[in-house]
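S.K.:
Number of protein chains: 2
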Amino acid sequence: MALSFRQNEILDIARTEGRVVVEDLAQRFDVTLQTIRRDLTELSDMGHLDRVHGGAVLRTGVVNLAYEQRRHMNDGAKAAIARACAAAIPENCSLILNLGTTTEAVARELIHHRNITVVTNNMNVANILTANPGCEVMVAGGALRRSDGGLVGELTTQFFEQFKVDYAVIGASALDRDGDLLDFDLAEVRVSKTIIRRARKTFLVCDHSKIDRSAPARLASLSELTCFFTDLPLPEELDRKCRDWGVQVVVAG
Amino acid sequence: MALSFRQNEILDIARTEGRVVVEDLAQRFDVTLQTIRRDLTELSDMGHLDRVHGGAVLRTGVVNLAYEQRRHMNDGAKAAIARACAAAIPENCSLILNLGTTTEAVARELIHHRNITVVTNNMNVANILTANPGCEVMVAGGALRRSDGGLVGELTTQFFEQFKVDYAVIGASALDRDGDLLDFDLAEVRVSKTIIRRARKTFLVCDHSKIDRSAPARLASLSELTCFFTDLPLPEELDRKCRDWGVQVVVAG
DNA sequence: TTCGGTTTTTACAAAAGCGAACATATACGG
DNA sequence: CCGTATATGTTCGCTTTTGTAAAAACCGAA
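Chain order of the listed sequences is A and B.
Under numbering that gives the first Met the number 0, the first residue of the first sequence is numbered 0, with each subsequent residue one higher.
Under numbering that gives the first Met the number 0, the first residue of the second sequence is numbered 0, with each subsequent residue one higher.
1) State the Cα-Cα distance for the pair A76/B and A251/B, rounded to the nearest angstrom.
2) For R5/A, which residues in the same chain have their Cβ closer than 7 Å to its Cβ, ignoring the five residues on either side in sequence?
3) Are any of the Cβ atoms in chain A nearer than 7 Å to that of V105/B?
4) Rounded to whole angstroms, what's the CA-CA distance from V136/A to I127/A? Just pull it up for me.
5) The beta strand (DSSP E) spanning K200/B covers which residue range?
6) Which whole-angstrom value describes the C-beta separation of V51/A and R36/A, a residue pair presumed to lie in contact below a C-beta threshold of 8 Å?
7) By how many angstroms is the C-alpha of D49/A removed from the C-alpha of A1/B?
8) Since L224/B contacts V246/B with CB under 8 Å, what's their CB separation in whole angstroms?
9) Between F158/B and chain A, is there a C-beta pair that is closer than 7 Å?
10) How about S3/B: is its C-beta nearer than 7 Å to some C-beta of chain A?
11) If you follow the beta strand (DSSP E) that T119/A is in, where does it begin and where does it stop?
12) Between which two residues does the alpha helix (DSSP H) carrying Q6/B extend?
13) Do the CB positions of G170/A and V124/A come within less than 7 Å of each other?
14) Does Q157/A come out as helix, strand or coil in the three-state DSSP assignment?
15) Please tell me whether A139/B has its Cβ less than 7 Å away from any Cβ of chain A.
16) Once the 5 residues before and after L218/A are set aside, which same chain residues still bring their CB inside 7 Å of it?
17) According to DSSP, which residues form a beta bridge with G141/B?
18) Round the Cβ separation of G152/A and A198/A to the nearest angstrom and send it over; I've been treating them as touching at under 8 Å.
19) For T229/A, list the residues DSSP reports as bridge partners.
20) Return the first residue and the last residue of the beta strand (DSSP E) that L181/B is part of.
21) Please return the same chain residues whose Cβ sits closer than 6 Å to the Cβ of K240/B, not counting the five positions on each side in sequence.
22) Given a cut-off of 7 Å on the beta-carbon distance, is the pair T15/B and R113/B in contact?
23) Could you tell me whether the Cβ atoms of G141/A and T155/A are closer together than 7 Å?
24) CA-CA distance, I194/B and T101/B?
25) Compare the C-alpha of P232/A against each of D243/A, I210/A, A214/A and name the closest.
26) Please report the Cβ distance between A207/B and D238/B, rounded to the nearest whole angstrom; I am assuming they are in contact, meaning their Cβ atoms lie under 8 Å.
27) If you measure from the beta carbon of R212/A to each beta carbon in chain B, is any gap under 7 Å?
28) Between I80/A and N73/A, what straight-line distance do the alpha-carbon atoms span, to the nearest angstrom?
29) What does I88/A pair with, by DSSP beta-bridge criteria?
30) If we call anything under 7 Å between Cβ atoms a contact, is A85/A one with V117/A?
31) Using a Cβ cut-off of 7 Å, pull out every chain B residue sitting near D49/A, in sequence order please.
32) Between the C-alpha atoms of E160/A and D184/B, what's the straight-line distance to the nearest angstrom?
33) Just tell me which of D175/A, W244/A, V248/A, I115/A has its CA closest to the CA of A216/A.
34) Is there a Cβ of chain B sitting closer than 7 Å to that of L143/A, yes or no?
35) Count the other CB atoms, across all protein chains shown, that sit within 10 Å of the CB of L42/B; report buried if there are 16 or more and exposed otherwise.
36) Rounded to whole angstroms, what is the Cα-Cα separation between V248/B and S222/B?
Here it is in structure tokens:
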């Protein structure tokens, strides 16, 4: 559907001012508040503006919100998984923490580990671990992704190539019946693959909501990992596969 | 949920000032203290700010008192210098922002520049510029220094070697009578040298308190730079040297 | 530690903004 | 000219936001 003359102008104003106010617009166009409200809801439905009380603002960081929400999804399960994972990581060692909200939870649980070196491409992890004086933090270089504070891209891969650590902790967006780890972003997958290659042991942290889902890019097979930390027992089929592959499964309660 | 007008503005203020005070905001927006408090708690719940008694501060990730204090030293002068420097940087270009509180101030002033690429080894700069959707941020890899969120070391140098940008903005701990830029940390100096080499033009931002001081490691000579932004006229001798070298001096008022 | 002042929290009432339903007006095709 | 479709105006109950005031928590100084 095409935008009305007025809606176009509203959008113009929003773009120059950064925001629009219902009252002002009503006065300016000499129409009732209700009419303006209708315009604004339509513009916001179409994704051009974000509606706020009293008016609307330009839509800036849509993705950011999604991340904030995701960060708080399944909070309890994530914390439990993270605790179990952190418990399996000794002191005096080196590890890589990859992107993902669950790996961030792991970082929080590592706050009291001493003499560890953490290499990460997750700005949030770096920020969290600043609080641990017993932890040397190495930040991977790369392009910063606003949506989640992730560093990705060729430069990031190159950076990880220069390391060899004891443990890697990775997440995944999806885990299918075949035991393949999947993700949405190809650039991110490339980084993850490098990380796995550069670690002696790899831990997957991933809550049950990711199981039996799908995503386009294949990251690795569960069979390549050392241990899988999750919050609920696996489906029978997957569980058997893990046993066959010798992948330890830890269900955090 | 989208942020209200006022919350957006509060965030803007926080990003430029580094912190906000409940009383001031209430007065400024002409609402009650309670309303401001509600805004702040929401912003802090969403992870944009950290609540403190009497107001809120930007979430930096760096927890170092000495640095926090230094950050607020000479605030006014720094902001003026930063404004002048940002004004000299066009849109649609690439630049490197080095460590230092004054370069951070420059980052704050770049918040509305569009289509720029910023490469930085300063986590705070990266955090600040996340707020600018018109800015691609590249974070340099390296060892994270807790004291100031700086990334330094061999890996950082390597990272910068892979770039060639239009502008570099650097700070300095000291600037002596000979016009030599000095610093305390050798690792940091190595990074800075690389940065200068990798930029077509180099801007120094440095308030008058650094002039005529000393520090052990030599970073560069003023003669190698393009422009020097400061807050007070230089001593006669240094000023003449700059003229001889063809280094533009901008005194920000 | 206690104390006094300030800031925050809590709870509820007032105000502002909102959307839905329906009425009215205007435009357009037949 | 009529009937229909679309846009706008009007009203009203509901939700969100804001103000107010008292209680609780906090902070710094004695």
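The beta-carbon is built from N, C-alpha and C at its ideal position, and this holds for glycine as well.
M.R.: Short version:
1) Taking the second sequence and counting its residues from 1, one reaches residue 76/B at position 77. Taking the second sequence and counting its residues from 1, one reaches residue 251/B at position 252. Rounded to whole angstroms, A76/B to A251/B spans 8 Å at the Cα level.
2) Residue 5/A sits at position 6 when you count from the first residue of the first sequence. Within the same chain, R5/A has close Cβ partners F28, D38.
3) Along the second sequence, one-based indexing puts residue 105/B at 106. No, V105/B lies away from the interface with chain A (no Cβ there is under 7 Å from its Cβ).
4) Mapped onto the first sequence, residue 136/A falls at position 137. Mapped onto the first sequence, residue 127/A falls at position 128. Each residue's Cα considered, the two are about 10 Å apart.
5) The count along the second sequence starts at 1 and reaches residue 200/B at position 201. Residues 198 to 204.
6) Start at 1 with the first residue of the first sequence, and residue 51/A comes out as number 52. Start at 1 with the first residue of the first sequence, and residue 36/A comes out as number 37. About 12 Å separates the two Cβ atoms, so there is no contact after all.
7) For the purposes of this step, residue 1/B is identified with residue 2 of the second sequence, where counting begins at 1. For the purposes of this step, residue 49/A is identified with residue 50 of the first sequence, where counting begins at 1. Cα to Cα, the separation comes out at about 7 Å.
8) Start at 1 with the first residue of the second sequence, and residue 224/B comes out as number 225. Start at 1 with the first residue of the second sequence, and residue 246/B comes out as number 247. About 6 Å separates the two Cβ atoms, so the contact holds.
9) In the second sequence, the residue the question calls residue 158/B occupies position 159. So, interface residue.
10) The residue you call residue 3/B lines up with position 4 of the second sequence. Yes, S3/B counts as interfacial toward chain A.
11) As a first step, residue 119/A must be located in the first sequence, where it is residue number 120. 115 to 119 is the extent of the beta strand (DSSP E) around T119/A.
12) Taking the second sequence and counting its residues from 1, one reaches residue 6/B at position 7. That run of the alpha helix (DSSP H) goes 4 to 16.
13) Locating residue 170/A in the first sequence gives position 171, counting from the first residue. Locating residue 124/A in the first sequence gives position 125, counting from the first residue. No, the Cβ-Cβ distance between G170/A and V124/A is not below 7 Å.
14) Within the first sequence, numbered from 1, the residue matching residue 157/A stands at position 158. Correct three-state label for Q157/A: helix.
15) The residue given as residue 139/B occupies position 140 in the second sequence. So yes, A139/B belongs to the interface.
16) On the first sequence, position 219 is the one that residue 218/A refers to. Answer for L218/A: A171, L180, L181, D182, V188, S191, K192, listed in chain order.
17) Residue mapping note: residue 141/B aligns to position 142 of the second sequence, counting from 1. V138/A, per the DSSP bridge assignment.
18) Position 153 of the first sequence, counted from the first residue, corresponds to residue 152/A. Position 199 of the first sequence, counted from the first residue, corresponds to residue 198/A. Wrong, their Cβ atoms sit about 20 Å apart, outside the cutoff.
19) Position 230 of the first sequence, counting from 1, holds the residue named residue 229/A. In the DSSP output, where bridge partners are listed per residue, T229/A has V250/A.
20) In the second sequence, the residue the question calls residue 181/B occupies position 182. It spans 179 to 182 - the beta strand (DSSP E) in which L181/B sits, taken as one unbroken run.
21) Counting from 1 along the second sequence, the entry for residue 240/B is found at position 241. So the qualifying residues of the chain are G178.
22) What you label residue 15/B is simply residue 16 of the second sequence in a count that begins at 1. What you label residue 113/B is simply residue 114 of the second sequence in a count that begins at 1. No, they are not a contact pair.
23) Numbered from its first residue, the first sequence carries residue 141/A at position 142. Numbered from its first residue, the first sequence carries residue 155/A at position 156. Cβ distance < 7 Å, so G141/A and T155/A count as in contact.
24) In the second sequence, counting from the first residue as 1, residue 194/B sits at position 195. In the second sequence, counting from the first residue as 1, residue 101/B sits at position 102. Rounded to the nearest angstrom, the two C-alpha atoms are 16 Å apart.
25) In the first sequence, counting from the first residue as 1, residue 232/A sits at position 233. Looking at the Cα atoms, I210/A is the closest of the given residues.
26) As a first step, residue 207/B must be located in the second sequence, where it is residue number 208. As a first step, residue 238/B must be located in the second sequence, where it is residue number 239. A small fix is needed here, since residue 207/B is His in this sequence, not Ala. Contact flag wrong, Cβ pair sits at about 12 Å.
27) As a position in the first sequence, residue 212/A is number 213, starting the count at 1. No - not a single Cβ of chain B is within 7 Å of the one on R212/A.
28) By 1-based counting over the first sequence, the position of residue 80/A is 81. By 1-based counting over the first sequence, the position of residue 73/A is 74. When rounded, the distance between both Cα atoms is 11 Å.
29) Walking along the first sequence from the start, residue 88/A turns up at place 89. The partner list for I88/A (beta bridge, DSSP) is empty, contrary to what the question assumes.
30) The residue you call residue 85/A lines up with position 86 of the first sequence. The residue you call residue 117/A lines up with position 118 of the first sequence. The answer is no: Cβ separation not under 7 Å.
31) Counting from one through the first sequence, the residue named residue 49/A turns up at place 50. Near D49/A (Cβ distances below 7 Å), the residues of chain B are A1.
32) In the first sequence, the residue the question calls residue 160/A occupies position 161. In the second sequence, the residue the question calls residue 184/B occupies position 185. Spanning the two alpha carbons is a distance of roughly 27 Å.
33) In the first sequence, counting from the first residue as 1, residue 216/A sits at position 217. The shortest C-alpha separation from A216/A is found at D175/A.
34) Reading the first sequence from its first residue, position 144 is the one you call residue 143/A. Answer yes: the Cβ-Cβ gap between L143/A and chain B drops below 7 Å somewhere.
35) As a position in the second sequence, residue 42/B is number 43, starting the count at 1. Classification for L42/B: buried.
36) Within the second sequence, the letter at position 249 stands for residue 248/B. Within the second sequence, the letter at position 223 stands for residue 222/B. Each residue's Cα considered, the two are about 12 Å apart.
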